[in-house]
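Worksheet: one structure, shown below.
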Amino acid sequence: MSCGLKSGTGCGSGGACGCASASASARGDGVDDARRNFLRGAAAATVTTLAAGVTLYSFGAEPAAARGPDEKVTSKVRWGLLIDASKCGDGCTACVTACQIENGWRDTGHPETDAQWIRKLMVKNPKNGATFSLPMMCQHCADPPCVDVCPTGASFKRADGIVLVDKHICIGCRYCMMACPYKARSFVHEPLEDQKPYAPRGKGTVESCTLCVHRVDAGRIPACVEACNDTGGGAMLFGDLNDPSNEISKRVAMYRTTRIRADLGCEPGVYYRNI
Amino acid sequence: MSAALRYAVMRSTATLATLLVAAILALPLGTAGAGEPAWLPKPARGRGDKCVADTAWMRRNHMTALSHQRDSTVHDGIRTSRFSLKECIDCHAVKGADGKPVTVASEKHFCRTCHDYAAVQIDCFECHASRPEAKAATTGETAPERSPASGVSALAQYLRSVGQ
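As given, the protein sequences belong to chains A and B, one line each in that order.
Sequential numbering of the first sequence, starting at 347, is according to our numbering.
Sequential numbering of the second sequence, starting at 66, is according to our numbering.
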């Protein structure tokens, strides 16, 4: 990148930082491009009449059509989360409960080994006693250390940025658990039965938050985000970080956000506010 | 016995063995359909008229189809239903004495009927559900559709209802 911005610093959603105009003018046809984009946008403008007297104008490209079940995921999309810790209730565990119900993991009375796809953390400043809470789960890194260390290729990143374990080829070595700076992965120690059909999990394999990949593939939002909006504080927002018109991209561009342990350079897809 | 002769005998024995195995494999499949021998396993029929592929083809190739589908689903997010294990399980569910679909722990389970007979161990159900999900106790795929796009249509509906 030659726009003078160091990649990864202050660059909200992947490469989509303020370098676009610089590179356009470098080609010498920046004005023409801008005009073309404007005209394209105008052609794609749509007007939706919600009710008598209420009209919704949408200017610019249409939101990406939902992917068909037979279409591959593409890297045009980068799924991410924005979590506002100031709205995250201290005692609230709506996201954790929703994840447990959705994906079928639960406490089995062995807290030292039970799976934790998502957990609530209480963070306290020892100096002044100030506390806040936040949900912690797989951060769906762009450069995931768990993928780097996996000896079989079971730990992988999908084209749309979701980091998963292919349990068909996971040998349960747990290197990824060691490598993850967020302690996001769990190992299944006990035989299981009656798993959720869309969330297979079994003894001897490593697992973690899948960003509810089965729901995302169906055009829905993750269970934790849905639960946080419905019964929690509305602290979580899910969306496509590559789409500048998406609410999450707008907010990441507008507010100061933090990615936990950003210094490690893993480029997490989970952004936090007010931490 | 000379080396050449020994080699010839070995080769013909190997060929004979191959033919014998092929004949044994072909025997039940050749008679499939109208007059199947009584000792063949009788897996539960699925819902609907016919399977996603020809029965003889499924007998030989279902494992390949499932294996191919699993990779494209996990890595590429392709969720077509034709060779999805979940669809097989949903369609070929066998009800037990309690009226609920049986798990693979039961001998009546669709997959087990043949796999017990052929003495081939299945690993799928170490992780995968071996029976369809009970409808009520979930927020999963059976829950009402709540896509992000439904927000606008929901707002439109609300505004229409207010306007009237």
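Virtual Cβ for every residue (Gly too), placed ideally from N, Cα, C.
Counting only beta-carbon atoms, is residue i nearer than 8 angstroms to chain A?
i: B:Ile187; result: no
i: B:Asp163; result: no
i: B:Phe148; result: no
i: B:Leu90; result: Because the pLDDT of B:Leu90 is 48, which lies under 50, any placement of that residue in the model is unreliable, and the question is left without a value.
i: B:Thr239; result: Because chain B here runs from 66 to 229, residue 239 of chain B falls outside it and cannot be looked at.
i: B:Cys176; result: no
i: B:Asp119; result: no
i: B:Glu172; result: no
Listing by chain order, which chain A residues have their CB less than 7 angstroms from the CB of residue i?
i: B:Arg135; result: His514
Is it buried or exposed, residue i, if we count other Cβ atoms within 10 angstroms and call 16 or more buried?
i: A:Tyr601; result: exposed
i: A:Met468; result: exposed
i: A:Ile429; result: buried
i: B:Ala158; result: buried
i: A:Ala545; result: buried
i: A:Ser421; result: exposed
i: B:His174; result: buried
i: A:Ala530; result: buried
i: A:Gly455; result: exposed
i: A:Thr604; result: exposed
i: B:Trp104; result: exposed
i: A:Gly578; result: buried
i: A:Glu553; result: buried
i: B:Arg110; result: exposed
i: A:Pro537; result: exposed
i: A:Trp425; result: buried
i: B:Met128; result: exposed
I want to verify the contact list: residues of chain D whose CB lies under 8 angstroms from the CB of residue i, in sequence order.
i: B:Cys179; result: Within the model displayed, chain D is absent; protein chains A and B are what it includes.
Can you tell me which of the options puts its alpha carbon nearest to the alpha carbon of residue i?
i: B:Ile149; options: B:Ala103, B:Asp114, B:Ala199, B:Ala194; result: It should be noted that the sequence gives Ser, not Ile, for residue 149 of chain B. It is B:Ala194 whose Cα lies nearest to the Cα of B:Ser149.
i: A:His560; options: A:Arg424, A:Tyr618, A:Lys422, A:Asn449; result: A:Asn449
i: B:Ile143; options: A:Cys574, A:Ala599, A:Asp563, A:Pro568; result: A:Asp563
i: A:Ala608; options: A:Arg452, A:Gln485, A:Cys445, A:Phe533; result: A:Gln485
i: A:Trp451; options: A:Ser532, A:Gly499, A:Thr604, A:Glu593; result: A:Ser532
i: A:Ser479; options: A:Glu572, A:Cys441, A:Lys473; result: A:Cys441
i: A:Cys522; options: A:Phe502, A:Gly548, A:Glu536; result: A:Phe502
i: A:Tyr528; options: A:Val509, A:Ile606, A:Met582, A:Gly565; result: A:Ile606
i: B:Pro108; options: B:Ala199, B:Lys200, B:Ala183; result: B:Ala183
i: A:Cys526; options: A:Glu536, A:His514, A:Pro490, A:Leu538; result: A:Pro490
i: A:Val534; options: A:Thr459, A:Pro415, A:Thr556, A:Pro497; result: A:Thr459
i: A:Val493; options: A:Arg566, A:Lys549, A:Cys519; result: A:Cys519
i: A:Leu323; options: A:Pro415, A:Ile464, A:Cys487, A:Met483; result: Limits of chain A in this structure are 347 at one end and 621 at the other, which puts residue 323 of chain A out of reach.
i: A:Ala444; options: A:Ile508, A:Asp436, A:Trp463; result: A:Trp463
i: B:Pro197; options: B:Arg125, B:Ala121, B:Pro166; result: B:Pro166
Does any C-beta atom of chain B lie closer than 8 angstroms to the C-beta of residue i?
i: A:Thr439; result: no
i: A:Phe502; result: yes
i: A:Val616; result: no
i: A:Asp494; result: no
i: A:Val598; result: no
i: A:Val469; result: no
i: A:Pro415; result: yes
i: A:Lys466; result: no
i: A:Lys418; result: yes
i: A:Arg547; result: yes
i: A:Asp563; result: yes
Could you tell me the boundaries of the alpha helix (DSSP H) in which residue i lies?
i: A:Thr477; result: A:Thr477 -> not in any alpha helix (DSSP H); beta strand (DSSP E) instead, spanning 477 to 483.
i: B:Arg177; result: 175 to 183
i: B:Trp122; result: 120 to 141
i: A:Leu610; result: Looking at the DSSP string, A:Leu610 is not in any alpha helix (DSSP H), and its letter there is neither H nor E.
i: A:Tyr544; result: Taken as a continuous stretch (DSSP letters only), A:Tyr544 belongs to no alpha helix (DSSP H), as it is neither H nor E.
i: A:Asp494; result: 491 to 495
i: A:Ile517; result: Here A:Ile517 belongs to no alpha helix (DSSP H), and DSSP marks it neither H nor E.
i: A:Asn592; result: Neither: A:Asn592 is in no alpha helix (DSSP H) and is coded neither H nor E.
i: B:Leu150; result: 150 to 156
i: A:Gln446; result: 440 to 449
Could you name the residues of chain B that residue i contacts, counting a contact when the two beta carbons are closer than 8 angstroms?
i: A:Asp453; result: Simply none; closest approach about 17 angstroms.
i: A:Thr551; result: Cys192
Name the two residues that bound the continuous beta strand (DSSP E) containing residue i.
i: A:Ser501; result: 501 to 503
i: B:Val167; result: It is not in any beta strand (DSSP E) - B:Val167 carries neither H nor E in the DSSP assignment.
i: A:Arg465; result: 464 to 470
i: A:Asp430; result: 425 to 430
i: A:Leu557; result: Taken as a continuous stretch (DSSP letters only), A:Leu557 belongs to no beta strand (DSSP E), as it is neither H nor E.
i: A:Leu587; result: Run containing A:Leu587: none; DSSP gives neither H nor E here.
i: A:Tyr617; result: 616 to 619
i: A:Leu510; result: 509 to 511
Quick one: list the residues of chain B neighbouring residue i, beta-carbon separation under 7 angstroms, in chain order.
i: A:Glu539; result: Thr168
Going along chain A, which residues have a C-beta under 8 angstroms from residue i?
i: B:Lys151; result: Pro543, Tyr544
i: B:His140; result: Phe502, Arg504, Asp512
i: B:Glu101; result: None at all; the shortest Cβ gap to chain A is about 31 angstroms.
What does residue i reach in chain B if we use C-beta pairs closer than 9 angstroms?
i: A:Gly435; result: Ordered by position in chain B, no residue passes the 9 angstroms Cβ test against A:Gly435, which lies about 20 angstroms from the chain.
So does residue i have its beta carbon nearer than 7 angstroms to some heavy atom of the ligand FMN?
i: A:Met582; result: Absence of the ligand FMN is noted for the structure shown, with no ligands found whatsoever.
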